[in-house]
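Asker: In the working numbering, the protein residues as written are 545 to 699. Note that beta-carbon positions come from the ideal geometry of N, C-alpha and C, so glycine has one too. These numbers come from a predicted model, not from an experiment. Quick one: this structure, given as structure tokens, is what I'll be asking you about.
Printed below as a string of structure tokens:
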């Protein structure tokens, strides 16, 4: 649980990036929209303030996520990213007036329940050095090692 703050930071920055990108894309100037040159149009979009900061926030989110992945199991960390949907849905409702109907609320409830179950599923910290040695072996090597061990038991 000591890395949960980094996981939640990753979730928050991911959601913030989405909201900034939405703000930036809905407020593009007429000059950007009317631009015929696709490369110039793309550069104008990328360097518009909200889009630029949204992309920069994604970079921060990915750096945080990579740190988390170096410390905890992927099967533990990755499902927490679904909480970004929860944040985005609620904040998009508040900030942009997007619909938040019964089906979305039910889906959000299921996401939250699933995330709590995963959080309770056990130790998120990567296994010990002996487990790491087994993990570093390719699946075929582990299979042949298991077969050799099985043969030794038969003797």
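I'd like to know if residue 627 contacts chain C, where contact means its C-beta is closer than 7 Å to some C-beta of that chain.
Answerer: Looking at the structure shown, chain C is missing, and only one protein chain is on hand.
Asker: Would you mind stating whether residue 574 and residue 602 have Cβ atoms separated by less than 7 Å?
Answerer: Looking up residue 574 in the chain shown gives position 30. Looking up residue 602 in the chain shown gives position 58. Cβ distance not < 7 Å, so residue 574 and residue 602 don't count as in contact.
Asker: Could you compute how far the alpha carbon of residue 634 sits from the alpha carbon of residue 641?
Answerer: On the chain shown, position 90 is the one that residue 634 refers to. On the chain shown, position 97 is the one that residue 641 refers to. Going by the C-alpha atoms only, they are around 10 Å apart.
Asker: Between the alpha carbons of residue 557 and residue 605, how many angstroms are there, rounded?
Answerer: Position 13 of the chain shown holds residue 557. Position 61 of the chain shown holds residue 605. Those two C-alpha atoms are separated by around 5 Å.
Asker: Output the distance between the C-alpha atoms of residue 647 and residue 576, rounded to the nearest integer angstrom.
Answerer: For the purposes of this step, residue 647 is taken as the residue at position 103 of the chain shown. For the purposes of this step, residue 576 is taken as the residue at position 32 of the chain shown. Roughly 36 Å separates the two Cα atoms.
Asker: Using 8 Å for Cβ pairs, my map puts residue 550 next to residue 611. What's the rounded Cβ distance?
Answerer: Here residue 550 refers to the residue found at position 6 when the chain shown is read from its first residue. Here residue 611 refers to the residue found at position 67 when the chain shown is read from its first residue. Between residue 611 and residue 550 the Cβ distance is about 6 Å, and since that is below 8 Å, they are a contact.
Asker: Report the option in 582, 620, 652 and 595 whose CA atom is closest to the CA atom of residue 563.
Answerer: To locate residue 563, count along the chain shown from 1; it is residue 19. The shortest Cα separation from residue 563 among 582, 620, 652 and 595 belongs to 595.
Asker: What residue range is occupied by the uninterrupted alpha helix (DSSP H) comprising residue 624?
Answerer: Indexing the chain shown from 1 puts residue 624 at position 80. No alpha helix (DSSP H) contains residue 624, which DSSP labels as neither H nor E.
Asker: Among the candidates 627, 597 and 636, whose CA atom is the shortest distance from the CA of residue 654?
Answerer: Taking the chain shown and counting its residues from 1, the one referred to as residue 654 is at position 110. Checked all of 627, 597 and 636; the closest Cα to residue 654 is 627.
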